[in-house]
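Asker: The numbering of the sequence shown is this note's numbering, which starts it at 433 and goes up by one. We put the beta carbon where it would ideally sit given N, CA and C, even for glycine. Take a look at the following structure, please.
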Amino acid sequence: MKNFKIVMILVAAVAFFCSCTEKTVDVTMTEANETLTYDLASAATLPLSFSSTINAAAGIKTIEVSKTVLNGEDVVSSKTYDGFESSDYEGMAEYTVKFEDTLAKADLVAGYTVEYKVAAVDKKDNSGDKIYTITITESATSLSAWNPTKVVLCSQSQSSYGITYEGIAATVENETIGVKCLGKNDHKAYNMYAEPTTGASWVFVENIEGLTTDVALVEAFNNGTPVTSRTMFPATDQGKAYEEKYFICKNKNGEYVLVDYVAGLMNTQTGNVMVFQYKKAETPAPAAK
433 MKNFKIVMIL
443 VAAVAFFCSC
453 TEKTVDVTMT
463 EANETLTYDL
473 ASAATLPLSF
483 SSTINAAAGI
493 KTIEVSKTVL
503 NGEDVVSSKT
513 YDGFESSDYE
523 GMAEYTVKFE
533 DTLAKADLVA
543 GYTVEYKVAA
553 VDKKDNSGDK
563 IYTITITESA
573 TSLSAWNPTK
583 VVLCSQSQSS
593 YGITYEGIAA
603 TVENETIGVK
613 CLGKNDHKAY
623 NMYAEPTTGA
633 SWVFVENIEG
643 LTTDVALVEA
653 FNNGTPVTSR
663 TMFPATDQGK
673 AYEEKYFICK
683 NKNGEYVLVD
693 YVAGLMNTQT
703 GNVMVFQYKK
713 AETPAPAAK
């Protein structure tokens with residue numbers, strides 16, 4: 433999962449165009465600086481709101497709100513918002529804009545800045561504006577130790593057998609690690625097969641030493657090739673040996689989970705099982721505020 437810390441900084445960027453020495457259009461914002469936390473895994477978007485007050489001695493002519501997403505100095509995207517009807521404010525000396533928007537996941541990238549600009553023009557074509565800047569930075573959360581309770585899975589055809597492993601009852605699937613057990617494949621009795629649960633996908637990894645934070649899991653997942661179909665897991669049977677496998681699961685809830693295939697056993701008396709352990713971020717990050 434990915435955590436983003438968003439620091440909202442009020443930037444004074446007011447341009448004045450005057451026919452005399454007095455200030456004719458003044459745009460202010462009522463919010464103080466804020467710090468919000470965004471959790472990429474728990475929410476796909478970030479709602480926000482702010483207020484801006486326009487003062488224009490000659491009477492307000494137009495108001496415009498726009499958004500620019502920047503990666504350094506490069507413009508990633510820009511947008512001008514509709515819905516500010518001149519009949520609501522035209523000719524008024526003071527008017528307060530109450531603005532709400534939702535940042536999409538595409539906007540919430542470490543290193544990006546998002547600028548909201550409120551611009552106003554008065555009846556004498558004097559103008560003023562103010563910019564509300566959101567700076568997005570990345571922070572990492574350490575992974576927990578391996579969950580002490582292993583995940584034990586069996587196929588649907590054996591789910592009524594009462595299969596257990598180390599006292600843990602077997603189930604057919606587990607959505608936290610995103611695995612559904614399919615059992616053995618035809619006559620290849622030494623292999624077990626599984627597939628991702630609905631909405632999940634896996635990326636297999638060889639080395640897990642550097643996978644100590646949620647950010648590292650996300651990067652490794654994004655740099656790999658997601659698996660979404662039936663996959664073979666070697667198991668101990670008929671002289672064939674189990675082989676350990678590691679993979680990162682992105683489950684249907686958007687969580688990134690490090691999974692270890694710790695055992696695969698096939699026994700005509702006790703049934704066939706796949707055993708996993710997993711770890712993820714130590715504590716759930718707060719949802720977007």
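#1: CB residue 711 to CB residue 577, shorter than 9 Å?
#2: With respect to the alpha helix (DSSP H) encompassing residue 649, which residues constitute its N-terminal and C-terminal limits?
#3: Could you give the C-beta distance for residue 586 and residue 703, rounded to a whole number, given that I count them as a contact under 8 Å?
#4: Which partner residues of residue 379 appear in the DSSP bridge assignment?
#5: What are the residues that DSSP puts in a beta bridge with residue 574?
#6: Helix, strand or coil: how does DSSP classify residue 709 here?
#7: List the whole-angstrom C-beta distance separating residue 595 from residue 582, where the pair is believed to meet the contact cut-off of C-beta under 8 Å.
#8: In whole angstroms, what separates the C-alpha of residue 465 from that of residue 564?
#9: Locate the beta strand (DSSP E) running through residue 482, then write down its first and last residues.
#10: Three or more beta-carbon pairs under 8 Å between the region 475 to 487 and the region 500 to 515, yes or no?
#11: With C-beta atoms as the reference, is residue 556 less than 9 Å away from residue 490?
#12: How should residue 654 be labelled, buried or exposed, when 16 other C-beta atoms within 10 angstroms of its C-beta is the threshold for buried?
#13: Near residue 633, which residues of its chain fall below 8 Å by C-beta distance, leaving aside the five closest residues on each side in sequence?
#14: Beta carbon of residue 497, beta carbon of residue 546: below 9 Å?
#15: In the DSSP assignment, find the unbroken beta strand (DSSP E) run with residue 540 in it and report its ends.
#16: What are the partner residues of residue 659, as DSSP defines its beta bridges?
#17: Which one of 481, 706 and 554 has the shortest CA to CA distance from residue 530?
#18: Can you give me the start and stop residues for the beta strand (DSSP E) that residue 524 sits inside?
#19: For residue 589, which of helix, strand or coil comes out of DSSP?
#20: Considering only residues of the same chain and omitting the five flanking positions on each side of residue 679, which have a CB-CB separation below 7 Å?
#21: Using a Cβ-Cβ cutoff of less than 8 Å, which residues in the same chain neighbour residue 507 once the five nearest sequence positions on both sides are dropped?
#22: Are the Cβ atoms of residue 625 and residue 695 separated by less than 9 Å?
#23: Using only the alpha-carbon positions, how far apart do residue 454 and residue 518 sit?
#24: What residue range does the beta strand (DSSP E) around residue 513 cover?
#25: Can you tell me whether residue 606 is buried or exposed, with buried defined as 16 or more other CB within 10 angstroms of its CB?
#26: Under the three-state reduction of DSSP, which class applies to residue 580: helix, strand or coil?
#27: Since residue 547 sits in a beta bridge, which residues does DSSP pair it with?
Answerer: With the given structure in hand:
#1: yes
#2: 646 to 654
#3: 6 Å
#4: No information on residue 379 is available, as it lies outside the stretch 433 to 721 that the chain covers here.
#5: BP columns for residue 574 point to 645.
#6: strand
#7: So it is not a contact: roughly 13 Å between Cβ atoms.
#8: Any reading at residue 465 must be qualified, since the residue scores a pLDDT of 45, below 50, and its modelled position is unreliable; the value itself is stated next. Roughly 10 Å between the two C-alpha positions.
#9: 478 to 488
#10: no
#11: yes
#12: exposed
#13: 610, 658, 659, 660, 681 and 682
#14: No.
#15: Note, residue 540: premise wrong, no beta strand (DSSP E); not H, not E.
#16: Its beta-bridge partners are 634.
#17: 481
#18: Where residue 524 is concerned, there is no enclosing beta strand (DSSP E), given that its DSSP letter is neither H nor E.
#19: helix
#20: Here residue 679 has 634, 635, 636, 637 and 691 as same chain residues with Cβ atoms under 7 Å from its own Cβ, once five neighbours each way along the sequence are excluded.
#21: 500 and 501
#22: By the CB criterion at 9 Å, residue 625 and residue 695 fall outside the cutoff.
#23: In this prediction, residue 454 has a pLDDT of 47, which is less than 50 and means its spatial position is unreliable; nothing more can be read from the coordinates.
#24: Going by DSSP, residue 513 is part of the beta strand (DSSP E) stretching over 506 to 513.
#25: buried
#26: coil
#27: 500 and 565
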